[in-house]
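Asker: Chains as they are written, first to last, in my numbering: chain A, 594 to 948; chain B, 594 to 948.
Backbone N, C-alpha and C define an ideal beta-carbon position, used for all residues, glycine too.
Handing you this structure, nothing more for now.
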DNA sequence: ATGATGAATTGAAGCGCTCCAAATAGTTGC
DNA sequence: GCAACTATTTGGAGCGCTTCAATTCATCAT
């Protein structure tokens, strides 16, 4: 009943392993084998500088012979602390978050700290469960890339050090986020610098805080240039499909009423626009309409006309967050919470400027 | 020196938390507070059916008042086993693997088991390190989506139950993989069923075992249909760029020499082809050339002409693997290793058949 | 009431490791 | 050769929790 084979399945049975279960090799066994005290084995593993080379060799040999694998549960219990940190990620399907994980991992490993991940999968209940799990595991610290609009109270009140990624709206903890307003400003300034004056922003600022921030940046850039205008085209979502719908709408306008520069609030949205305009011989990209995306997705790369975009420094976010967390772990008394805001950068491709 | 702020950073200092560090709430404290014995608290947590409702209430109240968080390290040590399983993933940037993680998680959570992830990031050394970490943590079991061509010896020899995902070439452990040969067969049969007779396979079978398998499936399908021919176009990689290069090459052929059906060994490759053919008014998709991809990536969805593709059952792989692992964990003596092979499925879109 | 029976609770023995005071071995200077 | 140190090694006391035999409580038939 429990083991229900999947519908279609070729099964080849093999005999169960009859290896002697070495489930029971403990440090004590190693000590005995090496002819030293238990504490010495522990020292070889954790403070080798306190042990003579001769003894180290004996112990290492015994460890190999016995296939000893230290028990971290016991270690964590005795030492009162683990050397792995847990990272709770809102959505692993989003490469932005995976980049953060990579950055955090890289930095942590420089200090010999491991990082394990838990996927929230966009579900609030899983976020809480994962957070709990890591706290119960007595992880040295937690990195949290929260769901948008998550309850800060629930998350902050605890003894385990915790830093927030991609969310600046938390007090009482370190946060690392990226300046979306500046990203919008960068994209718009780029278009304006190319001589575009009739800009259009695609996306709904009321739909998400980051998009609202981007929109504000665009507004600011436009306000700085005399004669520049800005139109807002709200889209229900930011998928390629929405971009195509908007694109079709724009192709039906008289060309003088069309924008000559579009800031899309996401790469997929930009992709949809490029697909439609690219298929219309009367519209040239970037001569007639220049388009920028946002996020530096694969989609932007893989478009027939590669899309200019705003790159979010995911790895850097992860690394800075790990750095802050390690500081809090190591120096709990002197640690001060920091709100770090990183800057996105413009990646110019063919959708705004001919190569 | 340690805390090196990133180049650009706005910092807002806040006072360190002066919350009473409740780092020290133990089960014993809860017991005292509730006026019961230590063991009773443990029972409330693990065997509530053995405890009277009145006592449960008292204990739960005390837990809340004290903010007690059970220590899993101690639990794992005392119980000799954890209830979380570790999953080591070759490449989290690949959504196929993320799907597997999601499937494993879903199934495990049905049994109250947690899943934590570690990203190998395509590096062999990290794969070994992560595996070690999980074994040291005494995870209940390990799910491994290994790097291609990984050393089976290193991986198998251990006491912790371990099942391999997306890799059938391992003996002495359960494996769950997908039938690439059948996938290739499906794609080719689809095209042949649409009346196509001059097929072309895009991709290099010598580059990876799965691609070779897919190619064999295509060959088999072609062999079954009289008059059908198959051409092999080797591409150095399977990116959109390679698809475009091949596409350009094909547009330069006389139309009678062109294939009327293309099986691309990956979606991005198909995307590149569709981009080129779509921009050439003399070639209609799918009338002149029908194209299939492989993997069911976002890229296939988001293409201007959505691409027919082969969907790999990532979630199912994860779920079946978790199921096998749980069986091995629960019934170590009766467990038999199983090699489960799942079937991919065809997803028809506009690149082969007009909607 | 009384003993019997089962349910609820208790309390202590570990789980495997780290940490540290104490004991021992090894060195150096005179 | 001996005191004075320093470098190693030792062994035992926990870390916080699960387990389980033993004990106490509650019920019920007699």
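Could you say which of B:665, B:925, B:622 and B:617 lies nearest to residue 732 of chain A if we only look at CA atoms?
Answerer: Looking at the Cα atoms, B:665 is the closest of the given residues.
Asker: Check this for me: beta carbons of residue 904 of chain B and residue 889 of chain B, under 7 Å apart or not?
Answerer: Contact flag set, yes.
Asker: Can you tell me whether DSSP reads residue 738 of chain B as helix, strand or coil?
Answerer: Of the three classes helix, strand and coil, the one that applies to residue 738 of chain B here is strand, per DSSP.
Asker: If distances are taken between C-alpha atoms only, which option among B:624, B:680, B:678 and B:671 comes closest to residue 653 of chain B?
Answerer: If we check each option's Cα against that of residue 653 of chain B, B:624 comes out closest.
Asker: Looking at chain A, which residues of the region 874 to 895 of chain B have a Cβ within less than 8 Å of any of its Cβ atoms?
Answerer: Correct list: 891, 892, 894 and 895.
Asker: Give a yes or no on contact between the region 861 to 869 of chain A and the region 666 to 680 of chain A, applying the rule of three or more CB pairs nearer than 8 Å.
Answerer: Result no; under three Cβ-Cβ pairs closer than 8 Å.
Asker: Does the beta carbon of residue 709 of chain A sit closer than 7 Å to a beta carbon anywhere in chain B?
Answerer: With 7 Å as the cut-off, residue 709 of chain A counts as an interface residue toward chain B.
Asker: Just to confirm, is the Cβ distance from residue 918 of chain A to residue 734 of chain A under 7 Å?
Answerer: In this structure, residue 734 of chain A lies closer than 7 Å to residue 918 of chain A by Cβ.
Asker: Taking DSSP's pairing of strands, which residues face residue 679 of chain B in a bridge?
Answerer: According to DSSP, residue 679 of chain B bridges with B:709 and B:735.
Asker: In this structure, does DSSP put residue 850 of chain B in helix, strand or coil?
Answerer: Correct three-state label for residue 850 of chain B: helix.
Asker: Could you check whether residue 676 of chain A and residue 726 of chain B sit closer than 7 Å to each other, using their CB atoms as the reference points?
Answerer: Against a cut-off of 7 Å, the Cβ pair of residue 676 of chain A and residue 726 of chain B comes out as no contact.
Asker: Anything in the region 853 to 871 of chain B with a Cβ closer than 7 Å to a Cβ of chain A? List those residues in chain order, please.
Answerer: Listed by position along the chain: 861, 864 and 868.
Asker: Given residue 689 of chain A, which residues of its chain have a CB within under 7 Å of its CB, disregarding the five upstream and five downstream residues?
Answerer: Same-chain partners within the cutoff: 888, 905 and 907.
Asker: Do you know whose CA, among B:740, B:705 and B:698, lies nearest residue 718 of chain B's CA?
Answerer: It is B:740.
Asker: By how many angstroms is the C-alpha of residue 842 of chain B removed from the C-alpha of residue 876 of chain B?
Answerer: Cα to Cα, residue 876 of chain B sits roughly 13 Å from residue 842 of chain B.
Asker: When DSSP builds the beta bridges, which residues end up paired with residue 824 of chain B?
Answerer: Paired residue(s): B:793.
Asker: Show which residues of chain B have a CB atom less than 8 Å away from the CB atom of residue 698 of chain A.
Answerer: The answer, in chain order, is 712 and 714.
Asker: Sorted by chain position, which residues of the same chain lie with C-beta nearer than 8 Å to residue 663 of chain A's C-beta, five sequence neighbours on each side aside?
Answerer: Result list for residue 663 of chain A: 620 and 638, in chain order.
Asker: What does residue 669 of chain B touch in chain A if you count any residue whose Cβ is under 8 Å from its own?
Answerer: Here the neighbours are 666.
Asker: Answer with yes or no whether the minimum CB distance from residue 653 of chain A to chain B is below 7 Å.
Answerer: So, not an interface residue.
Asker: Counting only beta-carbon separations shorter than 7 Å, does residue 615 of chain A have a partner in chain B?
Answerer: Interpretation of residue 615 of chain A is limited by its pLDDT of 43, a score under 50 that renders its predicted location unreliable; the figure taken from the coordinates is listed afterwards. Closer than 7 Å to some Cβ of chain B, the Cβ of residue 615 of chain A qualifies, so yes.
Asker: Pop quiz: residue 713 of chain A and residue 684 of chain A are said to be a contact at Cβ under 8 Å. What is the actual Cβ separation, rounded to whole angstroms?
Answerer: So it is a contact: roughly 7 Å between Cβ atoms.
Asker: At a Cβ threshold of 7 Å, is residue 718 of chain B touching chain A?
Answerer: No - not a single Cβ of chain A is within 7 Å of the one on residue 718 of chain B.
Asker: Does any residue of chain A have a CB that is nearer than 7 Å to the CB of residue 728 of chain B?
Answerer: So, interface residue.
Asker: Counting C-beta neighbours from all protein chains within 10 Å, is the total for residue 650 of chain B 16 or more, i.e. buried, or is it exposed?
Answerer: Burial call: exposed.
Asker: Are any of the Cβ atoms in chain A nearer than 7 Å to that of residue 731 of chain B?
Answerer: So yes, residue 731 of chain B belongs to the interface.
Asker: Is it buried or exposed, residue 614 of chain B, if we count other Cβ atoms within 10 angstroms and call 16 or more buried?
Answerer: Only weak support is given to the placement of residue 614 of chain B: the predicted model assigns it a pLDDT of 42, under 50, and the question is left unresolved by the model.
Asker: Near residue 860 of chain B, which residues of its chain fall below 8 Å by C-beta distance, leaving aside the five closest residues on each side in sequence?
Answerer: These residues qualify, in order along the chain: 886, 887, 888, 889, 890, 892, 893, 900 and 902.
Asker: Just the C-alpha distance for residue 618 of chain B and residue 673 of chain A, rounded to the nearest angstrom, thanks.
Answerer: Using only the alpha carbons, I get a separation of about 13 Å.
Asker: For residue 649 of chain B, name the three-state secondary structure that DSSP assigns.
Answerer: Note: residue 649 of chain B maps to helix in three-state DSSP.
Asker: By Cβ distance, which residues of its chain are closer than 6 Å to residue 794 of chain A, with the 5 residues on each side in sequence left out?
Answerer: So the list reads 808, 811, 825 and 856, once near-sequence residues are dropped.
Asker: Considering Cα atoms alone, identify which of A:898, A:686, A:757 and A:792 is closest to residue 933 of chain A.
Answerer: Cα-wise, what sits closest to residue 933 of chain A is A:757.
Asker: Is residue 841 of chain B helix, strand or coil by DSSP?
Answerer: In this structure, residue 841 of chain B counts as helix in the three-state DSSP scheme.
Asker: Leaving aside the five residues before and after residue 780 of chain B along the sequence, list all residues of the same chain whose C-beta is less than 6 Å from its C-beta, in chain order.
Answerer: Around residue 780 of chain B: 856, 885 and 903.
Asker: Is the Cβ of residue 937 of chain B closer than 7 Å to any Cβ of chain A?
Answerer: No, no contact with chain A.
Asker: Would you tell me roughly how many angstroms separate the C-alpha atoms of residue 659 of chain A and residue 935 of chain A, rounded to the nearest one?
Answerer: So the two alpha carbons sit approximately 49 Å from each other.
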